[in-house]
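Here's the structure, in structure tokens; my notes come after.
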């Protein structure tokens, strides 16, 4: 029996671009054939993109997906690639007209097998039971005399089901099609699970994953193959196209490890996830440029850095909008950053506009301070409208959690690249990006002063963030426990947090839900982001109190 060469096609499809995604499949099928592969495997829902949400329920969309699969089958045969087996994810429909999350096998110019995902995730960011029906049965195909099993993503996360039947079917290879979103620390969880399933079926397991941004989700790729003994045999890099090749050995041969790529460190993975999320959100929506305010502070500095890495400096419009309270160092730090990144830098004083509002409205206190933020928001949105550039919000997760942002001011925008990074993580990634530049023989792009100076919105003389909030290291620790781990007041006090701090933070978080609902989307990089995987009522009288 000859070796069976498997190709895992790690690609970046776009939701709804069915024709483009089918063309992507054909390109990778040609490359796999040229590399001597007998089978090429694509990720979950590659034909439609993922997740497609309620598009799955449209009959016109279902028909388009089916036509695309038929087109791929015919095109493979027409190009002399009919001998190549193609396994890909798509939207299927059962006899009752229900939508299915499906894998299809194309051989010799036609669909030879279909498999519908059994386990439909309904937690976190997933809501598949709303749109799909679960499949039944199993899918085992024969390739060059070998029995090959096929399952989809969540099927390996649940004990029993199709994986258990594979163990009883004596498969010699298990293919897993995935659309698994990125979150920090998730990589080793996937590989540990895959090792467990490979040992369960006593065969190598090939895991192919999407990569790219889709709204507030980022898919990281990191496709891999593990042996039945748990050893890593091959792996692909993250956040990039890859065609991972591996030869399935004869039964008597020891599997050989090839192309094993080490994962990037966590800071690097989170940073490039943010870059990927922004780039794909802009490009997949048909835009090229973004615009944001440059305050000289660390949040806007990191967002500008991410934007420059994602789109190129000339495609980033950075606007300094000083007021009478803006410090000289803030203005100079913004300019130095812009020069370092090569962005389209502009300066627009807000003082005349703020003065006009003050003269007409006579506002005082926070209301007057917020006028400054809202004038800046109008400037950013005006440039966005006039120059066709996506507006970026520069708020971080700590601010979003506590409501420390001005609606229709600094919260305006189409996308929020650091929405899921708490303030301390913003500093971490800024330091990492500077160190990364230095390691490449470049100058550190983010001014050191932007990293080290005390954070301030500069809306009044001498203002600092810590006038209104606890120190960020303490704040982020409380927020992590309350938001991401759902610990209540009693649990937080039992852990030793100061009662006044706990009560203040919890009150701020609970009162700011309405703001979060109106905030732009941004890339999810933690286990629990504000958005689709944290759903709380806006109108609620529940408050954490002493029990």
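In the working numbering, the protein residues as written are 250 to 796.
Backbone N, C-alpha and C fix where the C-beta goes; we use that ideal spot for every residue, glycine too.
Can you tell which of the options has its C-alpha closest to the C-alpha of residue i?
i	options	result
residue 505	491, 483, 525 and 517	483
residue 422	476, 786 and 265	476
residue 625	668, 737, 492 and 541	541
residue 512	485, 537 and 499	485
residue 389	271, 585, 365 and 307	365
residue 653	705, 357 and 785	705
residue 386	405, 415 and 375	415
residue 413	391, 433, 447 and 739	447
residue 470	557, 259, 697 and 580	259
residue 698	576, 567, 449 and 451	576
residue 618	300, 710 and 792	710
residue 552	452, 689 and 666	666
Hey, could you find the ends of the alpha helix (DSSP H) residue i is sitting in?
i	result
residue 415	411–417
residue 441	435–450
residue 398	No alpha helix (DSSP H) holds residue 398; the beta strand (DSSP E) holding it covers 395–401.
residue 526	515–533
residue 670	Note, residue 670: premise wrong, no alpha helix (DSSP H); not H, not E.
Would you mind stating whether residue i and residue j have Cβ atoms separated by less than 9 Å?
i	j	result
residue 295	residue 337	yes
residue 457	residue 292	yes
residue 437	residue 407	no
residue 393	residue 537	no
residue 431	residue 518	yes
residue 772	residue 556	no
residue 669	residue 774	yes
residue 464	residue 770	yes
residue 752	residue 738	yes
On the three-state DSSP scale, how would you describe residue i?
i	result
residue 288	strand
residue 334	strand
residue 606	helix
residue 364	strand
residue 600	helix
residue 831	Only positions 250 to 796 of the chain appear in this structure, which leaves residue 831 out of reach.
residue 632	helix
residue 470	strand
residue 310	helix
residue 744	coil
residue 304	helix
residue 497	strand
residue 724	helix
Who are the Cβ neighbours of residue i in its own chain at under 8 Å, not counting the five residues just before and after it?
i	result
residue 630	640 and 661
residue 620	603, 606, 607, 610 and 612
residue 270	262, 263, 295, 296, 297, 298 and 317
Apart from the five residues on each side of it in sequence, which residues of its chain come closer than 7 Å, Cβ to Cβ, to residue i?
i	result
residue 700	547, 676, 679 and 680
residue 370	377 and 403
residue 554	590, 682, 694 and 695
residue 313	267
residue 410	367, 368 and 404
So residue i is in the beta strand (DSSP E); what residue range does that whole segment cover?
i	result
residue 481	481–484
residue 566	565–569
residue 350	348–356
residue 539	538–542
residue 474	473–475
In its own chain, which residues sit with a C-beta less than 6 Å from the C-beta of residue i, not counting the 5 before and 5 after it?
i	result
residue 520	678
residue 358	322, 326 and 331
residue 798	Nothing can be reported for residue 798, as the shown portion of the chain is limited to 250 through 796.
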